[in-house]
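Asks:
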Amino acid sequence: MKNNKELFEALSLLEIERGISADFMLDKIKKAIVTACKNSYNGNDDVLIDIDEDKGKFEVYLRKTVVETVSDFGREISLADARAIDPGTDIGEQVSIKLDTKEFGRIAAQTARNIIRQGIRDGERGLMLQEFESKRQELVTAIVEKVDPRSGSATLKIGKSEAFLPKNEQLSSDDLKEGDHIKVYIADVKEGDKGPWAFISRTHPDMVRRMFEKEVPEIYDGTVEIKQVAREAGARTKLAVLSKDKNVDAIGACIGPKGARVNAIVEELGGEKIDIIEYDEDSVKFIAAALAPAEVLDVDIDPEVENSCTAIVPNNQLSLAIGNKGQNARLAAKLTGFKIDIKPEHEVN
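Counting in this note's numbering, the sequence shown runs from 125 upward without gaps.
#1: Enumerate in chain order the residues of its own chain whose CB-to-CB distance from T213 is below 7 Å, with the five nearest sequence positions on each side excluded.
#2: Do I464 and A453 have their beta-carbon atoms positioned less than 8 Å apart in this structure?
#3: Quick check: the segment 323-331 against the segment 302-312, are at least 3 beta-carbon pairs closer than 8 Å?
#4: Give the secondary structure of I215 by DSSP, where H, G and I count as helix, E and B as strand, and everything else as coil.
#5: Roughly how many angstroms lie between the CA atoms of A287 and Q261, to the nearest whole one?
#6: Can you look up T159 in the DSSP assignment and give me helix, strand or coil?
#7: Quick check: the Cα distance between D424 and I324, rounded to an integer number of angstroms?
#8: Please list the terminal residues of the continuous alpha helix (DSSP H) segment that includes Y165.
#9: Assuming contact is defined by CB atoms lying nearer than 8 Å, are E402 and A374 in contact in what I supplied?
#10: Among all the DSSP beta bridges, which residues are the ones paired with T189?
#11: What are the start and end residues of the beta strand (DSSP E) that includes L295?
#12: Strictly under 8 Å for the Cβ-Cβ distance: is K284 near chain E by that measure?
#13: Kindly confirm or deny that the segment 388-402 and the segment 339-358 touch, where touching means at least three C-beta pairs closer than 8 Å.
#14: Among A416, P468 and L455, which residue has its Cα nearest to the Cα of N439?
#15: Note down, in chain order, each residue of its chain lying with its Cβ closer than 6 Å to the Cβ of V348, except the 5 sequence neighbours on either side.
#16: Taking the beta carbon of I215 as the centre, do at least 16 other beta carbons fall within 10 Å, making it buried, or is it exposed?
#17: Check whether the Cβ atoms of Y185 and K152 lie closer than 8 Å to each other.
#18: Along the chain, where does the beta strand (DSSP E) containing A416 start, and where does it finish?
#19: In the DSSP output, what is I173 paired with across the bridge?
#20: In the DSSP assignment, find the beta strand (DSSP E) that holds E356 and state where it starts and stops.
#21: Do A418 and Q441 have their beta-carbon atoms positioned less than 8 Å apart in this structure?
#22: For the beta strand (DSSP E) containing S443, list its first residue and its last residue.
#23: Which class does E405 belong to by DSSP, given the choice of helix, strand or coil?
#24: Rounded to the nearest angstrom, how far is the Cβ of L280 from that of L289, given a contact under 8 Å?
#25: Buried or exposed, going by whether 16 or more other CB atoms sit within 10 Å of the CB of K301?
#26: Can you tell me whether A287 is helix, strand or coil according to DSSP?
#27: Among the residues of its own chain, which have a CB less than 8 Å from the CB of S202, if the five just before and after it don't count?
#28: Which same chain residues, not among the five before or five after D169, have their C-beta less than 7 Å away from its C-beta?
#29: Just the Cα atoms here: how many angstroms apart are V408 and D246?
Here you go:
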């Protein structure tokens, strides 16, 4: 590898294209060279590797012990051969023999290639894990690389890494196509046998939370707080918000001028309906607000059963309070943490 500028150019290219540091790869190459020497020289791994990137120099030396009669070619060298390298050497001393890498042979070269290839994989795994970890529980923009025509699952590109979006983590309105830019939520990151993988979703309730944080400056700066989110992805989300400044209307801030903020989120979510309600420490007021758009006449908290209540609504609003297939009532229960029994006015009068 003498004067091997090509090696350093290749490493530099790897660094640019794959983001793997040249130092990381050089360390892997050194280990590969040591392994190759050990295999080729009877287990001798006493190897010195001299690298000078500026000069493009990469030299390998194998240290052997000077003996009168060589019995182990991998570890020993005759006095005559040793003195041809270092005239002042003597029996029992060690000399460093400069190796021509061609001597490593086909097996040694293959060993080096395999370790270097594994090094690239390890480097990419490390980078992928680092990239995903930095985005854990965050909203990111991904590019659809391919969609499985049978399962509907999609392979996405996030930064320099790939991730898998199963069909059941997509919205019912999603019709993903190659090249689409979509928002996804990175719910978790794990290190598996085949490398790191990210659990990504478009149905996770915190996806809506993150979207509002990005869209609403008052949430981002902490003036308005999202207290609770309940979601049936693709259909409806209920968002409970609280203003920490009496001069700021939490609901109005989330809706935005002429509905611009909430509409942008609804559009991204394929028309998913979003109810924004005001959070209240008073459970009665909170439960009443959570059943919007229905009007609630009264909420009776059950003193005998924890987190259980009855909500009274006008006779003509029972179906509105319950919602399509019970959705409004379910989401209100999720949002408040209460089991809510909804009754029309005529049943309690």
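Glycine residues also receive a C-beta, built at the ideal position from the N, C-alpha and C atoms.
Replies: Let me lay it out:
#1: Taking the sequence shown and counting its residues from 1, one reaches residue 213 at position 89. Closer than 7 Å at the Cβ level, and outside the excluded window around T213, lie V190, A206, R207 and V219.
#2: Along the sequence shown, one-based indexing puts residue 453 at 329. Along the sequence shown, one-based indexing puts residue 464 at 340. The Cβ atoms of A453 and I464 sit closer than 8 Å to each other.
#3: The segment 302-312 makes contact with the segment 323-331: 3 or more CB pairs, one atom from each, lie closer than 8 Å.
#4: Counting from 1 along the sequence shown, the entry for residue 215 is found at position 91. Of the three classes helix, strand and coil, the one that applies to I215 here is coil, per DSSP.
#5: Taking the sequence shown and counting its residues from 1, the one referred to as residue 287 is at position 163. Taking the sequence shown and counting its residues from 1, the one referred to as residue 261 is at position 137. Note on geometry: alpha-carbon atoms of A287 and Q261 lie some 15 Å from one another.
#6: Against the sequence shown, residue 159 aligns to sequence position 35. DSSP, reduced to helix, strand and coil, places T159 within a helical segment of the structure shown.
#7: Counting from one through the sequence shown, the residue named residue 424 turns up at place 300. Counting from one through the sequence shown, the residue named residue 324 turns up at place 200. Within the model, the alpha-carbon separation for D424 versus I324 is close to 40 Å.
#8: Position 41 of the sequence shown, counting from 1, holds the residue named residue 165. Element bounds for Y165: n/a, residue is neither H nor E.
#9: Reading the sequence shown from its first residue, position 278 is the one you call residue 402. Reading the sequence shown from its first residue, position 250 is the one you call residue 374. Result yes, Cβ atoms of E402 and A374 sit closer than 8 Å.
#10: Here residue 189 corresponds to residue number 65 of the sequence shown, with the count starting at 1. Per DSSP, the beta-bridge partners of T189 are E200 and Q218.
#11: What you label residue 295 is simply residue 171 of the sequence shown in a count that begins at 1. Run containing L295: none; DSSP gives neither H nor E here.
#12: No chain E is present in this structure, which holds just one protein chain.
#13: Between the segment 388-402 and the segment 339-358 there are three or more inter-stretch CB-CB distances shorter than 8 Å, so the stretches are counted as touching.
#14: Along the sequence shown, read from residue 1 onward, the residue named residue 439 stands at position 315. Of A416, P468 and L455, the residue nearest in Cα terms is P468.
#15: As a first step, residue 348 must be located in the sequence shown, where it is residue number 224. The residues are E342, V365, S367, A374 and A377.
#16: Along the sequence shown, one-based indexing puts residue 215 at 91. With fewer than 16 Cβ atoms within 10 Å of its Cβ, I215 is classed as exposed.
#17: As a first step, residue 185 must be located in the sequence shown, where it is residue number 61. As a first step, residue 152 must be located in the sequence shown, where it is residue number 28. In this structure, K152 does not lie closer than 8 Å to Y185 by Cβ.
#18: The residue given as residue 416 occupies position 292 in the sequence shown. No residue range can be given for A416, since it is assigned to no beta strand (DSSP E) and is classified by DSSP as neither H nor E.
#19: The residue labelled residue 173 in the question sits at position 49 within the sequence shown. Answer by DSSP bridge pairing, in chain order: V184.
#20: If you number the sequence shown from 1, residue 356 lands on position 232. DSSP places E356 in the uninterrupted beta strand (DSSP E) bounded by V348 to E356.
#21: Against the sequence shown, residue 441 aligns to sequence position 317. Against the sequence shown, residue 418 aligns to sequence position 294. Less than 8 Å separates the beta-carbon of Q441 from that of A418.
#22: Numbered from 1 along the sequence shown, position 319 holds the residue referred to as residue 443. For S443, there is no enclosing beta strand (DSSP E); the residue is found in the alpha helix (DSSP H) stretching over L442 to I446.
#23: In the sequence shown, residue 405 corresponds to position 281, counting from 1. Annotated three-state conformation of E405 is coil, per DSSP.
#24: Within the sequence shown, the letter at position 156 stands for residue 280. Within the sequence shown, the letter at position 165 stands for residue 289. Their Cβ separation, rounded to whole angstroms, is 6 Å, which keeps L280 and L289 in contact under 8 Å.
#25: Working through the sequence shown from its first residue, we reach residue 301 at position 177. It is exposed - the Cβ of K301 has fewer than 16 other Cβ atoms within 10 Å.
#26: Against the sequence shown, residue 287 aligns to sequence position 163. Strand, per DSSP.
#27: On the sequence shown, position 78 is the one that residue 202 refers to. Short of 8 Å from the beta carbon of S202, and not among the five residues preceding or following it, lie these beta carbons of its own chain, in chain order: V190, V191, E192, T193 and V194.
#28: Here residue 169 refers to the residue found at position 45 of the sequence shown. Once the five neighbours on either side are set aside, the close Cβ partners of D169 are V158, C161 and K162.
#29: The count along the sequence shown starts at 1 and reaches residue 408 at position 284. The count along the sequence shown starts at 1 and reaches residue 246 at position 122. For V408 and D246, the distance between alpha carbons rounds to 56 Å.
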